[in-house]
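Next comes the structure, spelled out in structure tokens:
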């Protein structure tokens, strides 16, 4: 019998989580900075460079870096697509055949873009080899690409007129070897200890106590679960994702998973601060990320625990779509964290959240996945928005704007402006096109404002590379597999290339010394302005759409 | 309307009030200027003009589209919206027209100066023959003769003669100035009048490209090119426009899905309210007004880029003389050598200074009179006196009394630089006591200039003592430099004085650093060094040897009294030739950028209220619950949309005065400025439209068919 009230237990869990993150972000952030700045190669890394025929000591300009990212990602999509299409001929397929073309495209793109939107059910479509050698490999590599690009942008900010932003292959290999693999190993062991399953059995038929029959699927789950959270991927082994007891059996595993998906994104501001040689810059970014995450968590938790809405009020709780073993607090915590980190793993069904709570989760993604955002992508998105903030703030102090001594001029602001345009474009145009035809509208399982929320959620999730599903949406059609796939590509690679171009432009500049006349970018005022810019940019872009979806529903 | 608060910079030496013919006061903004500029505002409806401002172009396209729809499907609501959309465009044009109109009056009077005259061109160098040609036919390199009463036909350098010239047409300063061949005062400007004597001028500018022509183009705004930051801001505004276009266009399928398709007129109204029309409309006016504010202070910026750079300046190079100190050293005290009576020293000091017309020399006479009661003797009182003028070679001046030609039995008095006078004393067989050397040292260390006074009677010379000349730091400079420091600007004093003297004055005035015994090369090196640290450098100069440094500096202000080489090298010209101007120029640059930033923030913050007005109005019939977002309790959906559009248009006109005079700027740290401006323009930008739209709605809702 529990002696803690739900509120106390919920607050205790959040408090512990914050303590853990506070303890870990400095050493982890510094470890990432060290790993990606060190001049020394490990033996395994050197071997990899020889295999890839790349020069591990080359320092490249942004076009080379960008070309490497695009080339690598294209090959990744093709390999994963081939895996999915050829599954019937591969070992460990558990008897599953080839995935249909558009779904294979969608899935391949989804895992390479770190989205992990799943229009398939893992347990009824994929064998162990594809899960491990196809999907899990991309869980590592797509996160490593994010880290690489983020660090490239930080180099652009910190370098003094070199014009170079590092070496993609080195960043990719080191991110995998020195950061993600060791952490994932530790995380997988910890998950095993909490009861997550790890074996090679396939589907087994059991007779239940009631006499019925049930098929239970096992597999290498813990190993995939670890990187699923750690790399802010979110693609579950099972369709039910982290609501499935084999992926997330207990409150402890749940807390651990929330910690894992927040760990790297919340540590990257420290990496940034260390690399630019000013920890307060990193702390300011961290404060903005944490502040918005906390505010959103408060709204969602409040909406869920107060059971806003007619039906939840009538039944006395907003427990539809939530696991009893997690409850409202832990579900809201997981949901907020997963939608704000571009992870997209779920331990409850967002479609069943109260209108306000579900709307907050939708808005979380619309903020652009920067609070704290995905591995790498959160930091670079945050820095781009910091540059926009600097542009407005810098003018207001009577200087042409500069961030960390780098001038924000025509080229820089053009890249920032396009970055800010890219994701809303993919989201709104995608949703508008899908709404325009009756055949594609039929994917929405609800009508009225809630139906619109389902549609917006699908495209918000794809365009922002989140990957979580609102549910209540039949996404496995040729149209949605293709359209959402395109939204994922546009939402990942357009911003990413703009960020690299920005890194290149910044790296060419020699920084100016800061004076009292320079806009301070490590202050409470700046953090407030930065947060306001993030919220206002997203709010102004999406307010009309939100008012017809979650707002109309919530105010009813 | 008040003018922006700028610290008092009046310098005794410079004219306090503008007096020249071209200085048509554009000062305060009056509503009459709005009316007067209306015709121009309508002329600017030309699409070729509108397309230059993407935000306003979108408004114009939306207005045209709505007009067509209002014609085909007329309603009171549609026509009211259409009219106000066009008014929005006209108001934006009006802002620019008013800003340009203020410059035009100045241009008109300048044009009189540049009007055609007849030039007397010499047929060849050194020749006496001359021919009459129109000033417009002059070519670079031509030699022209200008005599008393004639107008200088074009920009050039005096190559022969000296004359007093009335430059009031350009500078507004009525006192004539001397222009002579060679040196740093050789430049003459076309349109100015020679008052006395005859000079020969070598023409240095093609007709149509003269200084006055450039001034006209600048104040009219016709030569205005968008500055880098303005371009960057325009790009940001264009992308915001695209974001909102995206939001509005994709809203229609969602509206159709929700069972409430919107009319195009309403969608256009929503779009126009959301896109940053306020800053879009005022952006070019802000730029023109920034230039205008400089012109009002008698500074001509040859490019807008320089004005913008001025706001960014991190290091100010200030000449000591005239900027930090009063310009002239004043005699401070007399320090007699051992065994010399005060009165003897005073007498000798006075004698040696009688013919010295420099301010220093005169200050010695004044000091002797005031402290030692010695009346100044007129030159005629002294018989057999031969005055020895100061030359750069001897570095002494003085007087020989009772000279009989061979120099014996006379009394020679000399005053000058310590080294020169002690050398003179020694060659005349005299000793220089160690105490005098110490005294010279002390004076120099304290920042003063020591002059040694000596006499030689009957061939035997002795040192009488030392005159302590002191640099007088201007009042208020210390506070000024503290403000600059708060703004993050480093000040470097540049002087030809030696290191010790320079340091002492620097400490007294409170500048951050000193470049002593500065040569043009060292100045240039200092600028390069500051720039390599990422700092922008501003400096002022007048001589030809300043030209390289002026060209290298990010903001190079040439004095109007300077040479044409200096004016050519700098990117600004100060007509008052007042070195303290640099500080004002920096403040105007900052004010320009702050005005842009503040109005952009204001413009974006306004959108919050507009959403709360329009979105419930659009969908309240389908979703009655959205009326809860109608926090302003606007009367009807139609009145809500109209009120938002009307507010959007009126706010442009309301902010024209602010755009023209610039937002208030007080030198303070960036952090303090940011807090203040976020509060005023960010928070204010959120709150003001809620009130404004509500008030307009109270009026609009009385219109039949809307209310």
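Protein chains in written order, with this note's numbering: chain F, 6 to 561; chain Y, 0 to 706. Each residue gets a CB set at the ideal place from its N, CA and C atoms; glycine is no exception. Note that the structure is predicted; figures quoted are calculated from it, not measured.
With a cut-off of 8 Å, do at least 3 Cβ pairs link the stretch 410–419 of chain Y to the stretch 388–397 of chain Y? Contact between the stretch 410–419 of chain Y and the stretch 388–397 of chain Y is present, with at least three C-beta pairs closer than 8 Å.
Can you name the residues of chain F whose CB is closer than 8 Å to the CB of residue 537 of chain Y? Chain F residues near residue 537 of chain Y: none, gap ~13 Å exceeds 8 Å.
Note down, in chain order, each residue of its chain lying with its Cβ closer than 6 Å to the Cβ of residue 558 of chain F, except the 5 sequence neighbours on either side. Excluding sequence neighbours, residue 558 of chain F sits near 360, 454 and 455.
C-alpha distance - residue 220 of chain F paired with residue 91 of chain F, whole-angstrom precision: Going from the Cα of residue 220 of chain F to the Cα of residue 91 of chain F covers about 25 Å.
Grab me the residues of residue 406 of chain Y's own chain with a C-beta within less than 6 Å of its C-beta, minus the 5 sequence neighbours each way, in chain order. For residue 406 of chain Y, the pLDDT reaches just 49, beneath the cut-off of 50, and the residue's location in the model is therefore unreliable, although a value from the coordinates is still provided. So no residue of the chain qualifies.
Would residue 290 of chain Y count as contacting chain F if we go by Cβ distances under 9 Å? For residue 290 of chain Y, the answer is no, since every Cβ of chain F falls outside 9 Å of its Cβ.
Scan the stretch 309–336 of chain F for residues whose Cβ lies nearer than 9 Å to a Cβ of chain C and list them as they occur along the chain. The structure shown contains no chain C; its protein chains are F and Y.
So for residue 311 of chain F, helix, strand or coil by DSSP? For residue 311 of chain F, the secondary structure class from DSSP, reduced to helix, strand or coil, is coil.
Bridge-paired residues (DSSP) for residue 566 of chain F: Nothing can be reported for residue 566 of chain F: it is not among the residues displayed for chain F, which extend from 6 to 561.
Continuous beta strand (DSSP E) stretch holding residue 455 of chain Y: start and end: Run containing residue 455 of chain Y: 448–456, per the beta strand (DSSP E) assignment.
Quick one: is residue 433 of chain Y buried, meaning 16 or more other Cβ sit within 10 Å of its Cβ, or exposed? Classification of residue 433 of chain Y: exposed, given that the 10 Å Cβ count is below 16.
Compute the Euclidean distance between the alpha carbons of residue 52 of chain Y and residue 689 of chain Y, then round it to the nearest angstrom. Residue 52 of chain Y and residue 689 of chain Y have their C-alpha atoms some 27 Å from each other.
Are the beta-carbon atoms belonging to residue 466 of chain F and residue 363 of chain F less than 9 Å from one another? Going by C-beta atoms, residue 466 of chain F is not nearer than 9 Å to residue 363 of chain F.
N- and C-terminal bounds of the beta strand (DSSP E) containing residue 396 of chain Y: Counting along the chain, the unbroken beta strand (DSSP E) around residue 396 of chain Y starts and ends at 395–400.
What residues from the stretch 301–327 of chain Y come within 7 Å of chain F, judged by C-beta to C-beta, listed N to C? Flagged, chain order: 307, 310, 311 and 313.
Would you kindly work out how many angstroms separate the C-alpha atoms of residue 458 of chain Y and residue 418 of chain Y, rounded to a whole number? Distance between the alpha carbons of residue 458 of chain Y and residue 418 of chain Y is about 20 Å.
Under 9 Å between C-beta atoms, does residue 8 of chain Y make it to chain F? Per-residue confidence for residue 8 of chain Y stands at a pLDDT of 36, beneath the threshold of 50, marking its modelled position as unreliable; the derived number appears in the next sentence. With 9 Å as the cut-off, residue 8 of chain Y does not count as an interface residue toward chain F.
In the structure shown, what three-state DSSP assignment does residue 455 of chain F receive? Residue state, collapsed to three classes: helix.
For residue 496 of chain Y, which of helix, strand or coil comes out of DSSP? DSSP places residue 496 of chain Y in the coil class of the three-state scheme, outside both helix and strand.
Below 9 Å between beta carbons is the criterion; list the residues of the stretch 39–56 of chain Y that meet it against any residue of chain F, in chain order. Within the stretch 39–56 of chain Y, contact with chain F at the beta-carbon level (separation under 9 Å) is assigned to no residue.
Give the secondary structure of residue 50 of chain Y by DSSP, where H, G and I count as helix, E and B as strand, and everything else as coil. Here DSSP, grouped into helix, strand and coil, assigns residue 50 of chain Y to coil.
Three-state secondary structure (DSSP) at residue 29 of chain F? Correct three-state label for residue 29 of chain F: helix.
Nearest-angstrom Cβ-Cβ length linking residue 313 of chain Y and residue 534 of chain Y, presumed shorter than 8 Å: The pair is a contact, with the Cβ atoms about 3 Å apart (cut-off 8 Å).
By DSSP's criteria, residue 555 of chain Y is part of a beta bridge. Which residues make up the other side? DSSP output for residue 555 of chain Y lists Y:538 as bridge partner(s).
Per DSSP, which residues does residue 315 of chain Y bridge with? Please list them. Note: residue 315 of chain Y sits in a beta bridge opposite Y:490 and Y:537.
Residues in the stretch 646–670 of chain Y having any Cβ partner in chain F nearer than 8 Å: Taking 8 Å as the Cβ-Cβ cut-off, the stretch 646–670 of chain Y approaches chain F at 664, 668, 669 and 670, given in chain order.
Can you check DSSP and say which residues form a bridge with residue 386 of chain Y? Y:398, per the DSSP bridge assignment.
Any beta carbon from chain Y within less than 9 Å of residue 78 of chain F's own beta carbon? No, residue 78 of chain F lies away from the interface with chain Y (no Cβ there is under 9 Å from its Cβ).
Note down, in chain order, every chain F residue with its Cβ under 8 Å from the Cβ of residue 624 of chain Y. Listed along the chain, the chain F residues whose CB falls inside 8 Å of the CB of residue 624 of chain Y are 557, 560 and 561.
Check whether chain Y comes within 9 Å of residue 188 of chain F, counting only Cβ atoms and requiring the distance to be less than that. Answer no: the Cβ-Cβ gap between residue 188 of chain F and chain Y never drops below 9 Å.
Closer than 7 Å by beta-carbon distance: list the chain F residues that pair up with residue 589 of chain Y, in chain order. Within chain F, the residues near residue 589 of chain Y are 403.
Close beta carbons around residue 410 of chain F, own chain, < 6 Å, minus the five adjacent residues each side: If we look at residue 410 of chain F and ignore the five residues flanking it on each side, its Cβ neighbours are 516 and 517.
Looking at residue 345 of chain F: is its Cβ nearer than 9 Å to the Cβ of residue 370 of chain F? For residue 345 of chain F and residue 370 of chain F, yes; Cβs fall inside 9 Å.
Is residue 279 of chain Y close to chain F, meaning its C-beta is less than 9 Å from at least one C-beta of that chain? Not a single CB atom of chain F sits nearer than 9 Å to the CB of residue 279 of chain Y.
Please report whether the beta-carbon of residue 142 of chain Y lies at a distance below 9 Å from any beta-carbon of chain F. Not an interface residue.
Determine, using beta carbons only, whether residue 645 of chain Y and residue 83 of chain Y come nearer to each other than 9 Å. Yes. Within cutoff.
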